[in-house]
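K.L.:
Encoded as structure tokens, here's the structure I'll be asking about.
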Amino acid sequence: MTLLDLIDKLLGRQQASATTAKHRLQLVLAHDRSDLNPELLQRMRKEILEVVSKYVELDLDGGDVTLETEDRSTALVANLPIRRVKEAALQSLNLNGPALEAKPQSDAIE
Amino acid sequence: MTAPSQHTILICSGKGGVGKTTLTANLGIALASQGVRTAVLDADFGLRNLDLLLGLENRIVFTAQEVLAGSCRLEQAMVKHKQEPNLSLLPAGNPRMLDWLKPEDMQKIVEMIKPHFDVILIDAPAGIEDGFKNAAAAAEEAIIVTTPEVSAVRDADRVIGLLNTRGINPIQLVLNRVRPKMMANQEMLGISDVTDILALPLIGLVLEDEQVIVSTNRGEPLTLGNGKSPAAIAYRNVAKRLMGEQIPLPDPNQLNKGLRAKVRQLMQTKIF
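In order, the protein sequence lines correspond to chains Y and F.
For the first sequence, the numbering used here assigns the number 2 to the initial residue and increments by one for each residue that follows.
For the second sequence, the numbering used here assigns the number 1146 to the initial residue and increments by one for each residue that follows.
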């Protein structure tokens, strides 16, 4: 963020159009380069959240799964703030050792 | 001047109208005036215009088509520029060539031209379809032309992806039609915005210049003679950098001197 962006934000003005252009480009290029369509990304995001939610309670409002791109390489970046580790996940660890996937968690997905 | 190394360079952009042909014509003249034996090859068979920008449209007798068909010799088809005899144009043939032209045909043409020239510039058509692929088939290096606009940068990115998979290297960038005032006001993508996104080295920065239109009207590229317009200087610098000279790129902020420019620069300070 530049000083101008901050002032624009404080005054409730629209950000400079160059900044908007850059952000829009970065997003659209991440998709162009990876050939992932938004629908597929949405599905992947949902499934990632489901898996992670088996073990930890997530703050879904603060989380995000996005494509980011830098130097012509694209990365899938998941930012998933954790509220707490799930009791059930901890118990399964104690009972079954490291083989976490051995016990399905029917109550895990909310 | 020592003999320069051989270059076969594709000039491309993806998007149309960003200045491929203008760059090819001006770079060709600028290289030739530096003593580099230069051939420009119009690979835009559908919508050829390189002859017009070079002012050679009335001197075309044969084209790439006749050369490939074997109905004329290469020397008969190459049109030599009167004021810059180091520059020759191989005109594009009839648009119907698109129906049968293959990448191998382009390779054949370039192989025929190579022994006689130091630099071959291939003016690619817009788009990423067969015409572009044919043009790219014979190239070893590329110069991408783009403008600081979202559509041009996006299309350039697609083209870079295609060139990367073909092993074309180096790929360098010319940022065209830059308006320093709009950039300073952050109403136009900045230079580093574009180079960061495309991850390419910049070999030229060309300011928006009305003289470009005047020069195309006349069929006399700006780099012809001693033209001192901003674009002419920029194109000449691209030619020099291509030949290995170290010429620093202009800082667009320096183009806008004074207090207002300083305030604008302060506003662009990254705070987090």
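The C-beta atom is built at its ideal place from N, Cα and C for all residues, glycine as well.
F:G1370: which of F:G1164, F:I1174, F:A1222 and F:K1160 sits nearest, CA to CA?
P.N.:
The residue labelled residue 1370 of chain F in the question sits at position 225 within the second sequence. The shortest Cα separation from F:G1370 among F:G1164, F:I1174, F:A1222 and F:K1160 belongs to F:I1174.
K.L.:
Looking at chain Y, which residues of the segment 1314-1335 of chain F have a Cβ within less than 7 Å of any of its Cβ atoms?
P.N.:
Q1331, E1332, M1333, L1334 and G1335
K.L.:
Under the assumption that F:G1349 contacts F:A1379 (Cβ atoms under 8 Å), give the Cβ distance between them as a whole number of angstroms.
P.N.:
In the second sequence, the residue the question calls residue 1349 of chain F occupies position 204. In the second sequence, the residue the question calls residue 1379 of chain F occupies position 234. Sure, about 6 Å apart at Cβ, within 8 Å.
K.L.:
For Y:Q27, go through chain F and note every residue whose CB falls closer than 8 Å to its CB, in chain order.
P.N.:
On the first sequence, residue 27 of chain Y is found 26 positions in, with the first residue counted as 1. Residues of chain F passing the Cβ test: I1342.
K.L.:
Measure the beta-carbon distance from F:I1358 to F:I1316 and round it to whole angstroms, keeping in mind my assumption that it falls under 8 Å.
P.N.:
Here residue 1358 of chain F refers to the residue found at position 213 when the second sequence is read from its first residue. Here residue 1316 of chain F refers to the residue found at position 171 when the second sequence is read from its first residue. Not really, about 28 Å apart at Cβ, beyond 8 Å.
K.L.:
When the Cα atoms are used, what is the spatial distance from F:N1194 to F:A1184?
P.N.:
In the second sequence, counting from the first residue as 1, residue 1194 of chain F sits at position 49. In the second sequence, counting from the first residue as 1, residue 1184 of chain F sits at position 39. So the alpha carbons of these two residues sit roughly 15 Å apart.
K.L.:
Would a check of beta-carbon distances place F:D1302 closer than 8 Å to chain Y?
P.N.:
As a working mapping, residue 1302 of chain F is identified with position 157 in the second sequence. True, the Cβ-Cβ gap to chain Y drops below 8 Å.
K.L.:
What are the boundary residues of the alpha helix (DSSP H) that includes F:I1378?
P.N.:
The residue labelled residue 1378 of chain F in the question sits at position 233 within the second sequence. It spans P1375 to L1387 - the alpha helix (DSSP H) in which F:I1378 sits, taken as one unbroken run.
K.L.:
DSSP three-state call for Y:T3: helix, strand or coil?
P.N.:
Locating residue 3 of chain Y in the first sequence gives position 2, counting from the first residue. If DSSP states are grouped into helix, strand and coil, Y:T3 belongs with the strands.
K.L.:
Report, in whole angstroms, the separation of the C-beta atoms of F:L1347 and F:L1387, which I expect to be a contact under 8 Å.
P.N.:
On the second sequence, residue 1347 of chain F is found 202 positions in, with the first residue counted as 1. On the second sequence, residue 1387 of chain F is found 242 positions in, with the first residue counted as 1. The pair is not a contact, with the Cβ atoms about 13 Å apart (cut-off 8 Å).
K.L.:
Counting contacts by CB-CB distance shorter than 8 Å, is Y:K23 in contact with chain F?
P.N.:
Indexing the first sequence from 1 puts residue 23 of chain Y at position 22. Y:K23 counts as touching chain F.
K.L.:
Determine which residues share a DSSP beta bridge with F:Q1317 and list them.
P.N.:
On the second sequence, residue 1317 of chain F is found 172 positions in, with the first residue counted as 1. Per DSSP, F:I1288.
K.L.:
Identify the contact partners of F:V1206 in chain Y, using a Cβ-Cβ distance below 9 Å as the criterion.
P.N.:
As a working note, residue 1206 of chain F is residue 61 in the second sequence. Near F:V1206 there are no residues of chain Y at all, since even the closest Cβ is about 44 Å away, more than 9 Å.
K.L.:
Let me confirm a value: Y:S1 is counted as buried when at least 16 other C-beta atoms fall within 10 Å, else exposed. Which label applies?
P.N.:
In the structure as shown, chain Y starts at 2 and stops at 111, and residue 1 of chain Y therefore has no counterpart that could be examined.
K.L.:
Does Y:R14 come within less than 8 Å of chain F when only Cβ atoms are used?
P.N.:
Residue numbering aside, residue 14 of chain Y sits at position 13 when the first sequence is read from its first letter. By this cut-off, Y:R14 is not an interface position.
K.L.:
Measure from the C-beta of F:I1378 to each C-beta in chain Y and report whether the shortest distance is under 8 Å.
P.N.:
To locate residue 1378 of chain F, count along the second sequence from 1; it is residue 233. With 8 Å as the cut-off, F:I1378 does not count as an interface residue toward chain Y.
K.L.:
Hey, how far is the Cα of F:A1280 from the Cα of F:I1416?
P.N.:
What you label residue 1280 of chain F is simply residue 135 of the second sequence in a count that begins at 1. What you label residue 1416 of chain F is simply residue 271 of the second sequence in a count that begins at 1. Rounded to whole angstroms, F:A1280 to F:I1416 spans 45 Å at the Cα level.
K.L.:
Taking all protein chains shown into account, do 16 or more other C-beta atoms lie within 10 angstroms of the C-beta of F:R1381, making it buried, or fewer, making it exposed?
P.N.:
What you label residue 1381 of chain F is simply residue 236 of the second sequence in a count that begins at 1. F:R1381 is buried by the Cβ-count criterion.
K.L.:
Can you tell me where the alpha helix (DSSP H) with Y:R46 in it begins and where it stops?
P.N.:
The residue you call residue 46 of chain Y lines up with position 45 of the first sequence. P39 to Y56 is the span of the alpha helix (DSSP H), which, as asked, contains Y:R46.
K.L.:
According to DSSP, is F:T1414 part of a helix, a strand, or is it coil?
P.N.:
Numbered from its first residue, the second sequence carries residue 1414 of chain F at position 269. DSSP places F:T1414 in coil when its eight states are reduced to three.
K.L.:
Could you give the first and the last residue of the continuous beta strand (DSSP E) run that contains F:L1347?
P.N.:
As a position in the second sequence, residue 1347 of chain F is number 202, starting the count at 1. Run containing F:L1347: L1347 to L1352, per the beta strand (DSSP E) assignment.
K.L.:
Using the beta-carbon of each residue, which ones in chain Y are nearer than 9 Å to F:I1416?
P.N.:
Taking the second sequence and counting its residues from 1, the one referred to as residue 1416 of chain F is at position 271. Per Cβ cutoff of 9 Å: M2, T3, L4, D6 and L7.
K.L.:
In whole angstroms, what is the alpha-carbon distance linking F:P1230 and Y:N38?
P.N.:
Your numbering for residue 1230 of chain F matches position 85 in the second sequence. Your numbering for residue 38 of chain Y matches position 37 in the first sequence. Answer to the nearest angstrom: the Cα atoms are 52 Å apart.
K.L.:
Just checking: is the beta-carbon of Y:E111 within a distance shorter than 8 Å of some beta-carbon in chain F?
P.N.:
One-based indexing of the first sequence puts residue 111 of chain Y at position 110. Since pLDDT at Y:E111 reaches only 38, below the 50 mark, its modelled position is unreliable, and the value read off the structure follows with that caveat. No, its Cβ sits nowhere closer than 8 Å to a Cβ of chain F.
K.L.:
If you pair each beta-carbon of the segment 1231-1248 of chain F with each one of the segment 1156-1167 of chain F, do three or more pairs fall below 8 Å?
P.N.:
no
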